[in-house]
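To start, the structure under review is shown below, and the notes come after it.
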Amino acid sequence: MTPFECVPNFSEGRDESKIRRIADAARKVPGVAVLDVEWNADHHRCVITLVGEGEGLVDAVMSMMTVATELIDLTHHTGEHPRMGATDVVPFVPLGGSTIEDAVRLAERLGERVWKELGIPVYFYGSAARRPERVDLPAVRTGGFEGIREEMGKNPDRAPDVGEPRVHPTAGAVAIGARPVLIAFNAYLTTPDVAIAKKIAKAVRSRDGGLAEVRALGFEIKERNRAQVSMNLTDYRKTPIHRALEQVRREAERFGVGVEESEIVGVVPEDALLDAAEFYLQLNRFDRSTILERKIRAVSSDAPGAEPLASFSSRLAARTATPGGGSASAAAGALGAALGEMVLSYSILPAAPDAEFVSTRQECTTARADFLRGIEEDARAYDAVRAARRSLKERPEDPALKDAYV
Numbered sequence: 233m234t235p236f237e238c239v240p241n242f243s244e245g246r247d248e249s250k251i252r253r254i255a256d257a258a259r260k261v262p263g264v265a266v267l268d269v270e271w272n273a274d275h276h277r278c279v280i281t282l283v284g285e286g287e288g289l290v291d292a293v294m295s296m297m298t299v300a301t302e303l304i305d306l307t308h309h310t311g312e313h314p315r316m317g318a319t320d321v322v323p324f325v326p327l328g329g330s331t332i333e334d335a336v337r338l339a340e341r342l343g344e345r346v347w348k349e350l351g352i353p354v355y356f357y358g359s360a361a362r363r364p365e366r367v368d369l370p371a372v373r374t375g376g377f378e379g380i381r382e383e384m385g386k387n388p389d390r391a392p393d394v395g396e397p398r399v400h401p402t403a404g405a406v407a408i409g410a411r412p413v414l415i416a417f418n419a420y421l422t423t424p425d426v427a428i429a430k431k432i433a434k435a436v437r438s439r440d441g442g443l444a445e446v447r448a449l450g451f452e453i454k455e456r457n458r459a460q461v462s463m464n465l466t467d468y469r470k471t472p473i474h475r476a477l478e479q480v481r482r483e484a485e486r487f488g489v490g491v492e493e494s495e496i497v498g499v500v501p502e503d504a505l506l507d508a509a510e511f512y513l514q515l516n517r518f519d520r521s522t523i524l525e526r527k528i529r530a531v532s533s534d535a536p537g538a539e540p541l542a543s544f545s546s547r548l549a550a551r552t553a554t555p556g557g558g559s560a561s562a563a564a565g566a567l568g569a570a571l572g573e574m575v576l577s578y579s580i581l582p583a584a585p586d587a588e589f590v591s592t593r594q595e596c597t598t599a600r601a602d603f604l605r606g607i608e609e610d611a612r613a614y615d616a617v618r619a620a621r622r623s624l625k626e627r628p629e630d631p632a633l634k635d636a637y638v
């Protein structure tokens, strides 16, 4: 499995039924999981976090964008957050063994489909940018829906990377890109004065000489009667969460206000939170492998059959020799044994357990464990046979190879 994260942002943050319909479109795609759905009424925006394999993610985002295009009309949309599209931005993020180049290819594939199937012009940003001035998302989104609608077709600098130079009448345009993991981090001030939030944002963001890899804006959050410093930490290793928060706190003190609370929007890497814990607890030479949950995960991940069914089925569908029929049969056997355990558990009466039923149920339990081991054992065995066959073709007279092949 080659995993990716994808975090599409949609210009809907007030109608929960619409948000649910957009998210549900992704849930129908096999091999794709919806990890998180968050929305804000003042921003009038929702952020949905997906994870899965590349092609599945492209299909899932296309389904979501199709629904969003039907439900969202930007000509009647107002919100605090800048936006240029019903589906405003779609970043692909490489995880595990995938690379940023892989993420760029997915972004480009999605971009071609978006124009062809939905008629929405596409800008590529981040690592997928085709022009240096489009690497940064804020530069791409300058002017928002209304400004881009006015300039596209007149100003060559606003021509899209994919599609004709005309915005979709109600869905606008979309920015699709590839980037590393990003943390969306907001700090709420003890004041409703948005002017202070904007001054703090200017002081902490990278482009104005602040912290490295930080984008920041100041907003008024009317529903809470508070001003907010909204930040995107584009590389949390260069500027960790706690450093961003402390810098906001120091800047706020200059204006006689404080930080009331903070929030993370969407998902966040575990190590980013541990960095903050180490800082505030002043831990010295802390070994993260001693964390209880990490110890448990390390043991659990080695257990036979620990791979999720969606991931195993994707590997089975791939154009590779293994896993194959033997592994599939072993998986089916494990499910059959599990059903046997379930049926027998209903047949065994707690007050007077039948010895034969108890014995048979234990046999089913043992069989299930054996079948689970067989899923990978069959694949490894066939891989070994293929390797021996290749070696034997290269050195047909080698007696040791003949014995190994047999």
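Quick note on numbering: the sequence shown equals residues 233 to 638 in this note's numbering.
Using N, Cα and C, we set each Cβ at its ideal position, and we do this for glycine too.
- With respect to the 7 Å criterion, V299 and I352 are not classified as neighbours on the basis of their beta carbons.
- For H309, DSSP assigns no beta-bridge partner whatsoever.
- As a beta-bridge residue in DSSP terms, M463 pairs with F417, A448.
- Between C238 and F356, the CB-CB gap reaches or exceeds 7 Å.
- Short of 6 Å from the beta carbon of E312, and not among the five residues preceding or following it, lie these beta carbons of its own chain, in chain order: D274, H275, F451.
- For the options V264, C596, R398, the alpha carbon positioned closest to that of G568 is the one of C596.
- About 34 Å separates the Cβ atoms of A419 and V346, ruling out a contact at the 8 Å cut-off.
- If you draw a straight line from the Cα of R529 to the Cα of N516, it is about 24 Å long.
- For I280, no alpha helix (DSSP H) segment is defined; the enclosing uninterrupted segment is the beta strand (DSSP E) at 277–285.
- Assigned with DSSP and collapsed to three states, Y578 falls in helix.
- Nearest to T592 by C-alpha distance, out of L604, L576, P582, L581, is L576.
- Within the model, the alpha-carbon separation for Y512 versus L477 is close to 12 Å.
- Under the criterion of beta carbons closer than 8 Å, D610 and A566 do not qualify as touching, at roughly 12 Å.
- Within a 10 Å sphere around the beta-carbon of G385 sit fewer than 16 other beta-carbons, which makes this residue exposed.
- Taking N464 as reference, the option from R447, G556, E455, I453 with the minimal CA-CA separation is R447.
- A distance of 7 Å or more separates the beta carbons of V264 and I280.
- In its chain, beyond the 5 residues on either side, A444, E445, V446, R447 have a beta carbon closer than 8 Å to the beta carbon of S438.
- Residue pairing from DSSP places R458 in a beta bridge opposite I453.
- Scanning its chain for C-beta atoms nearer than 8 Å, with the 5 sequence neighbours on each side dropped, one finds around D291 the residues V261, V264, in chain order.
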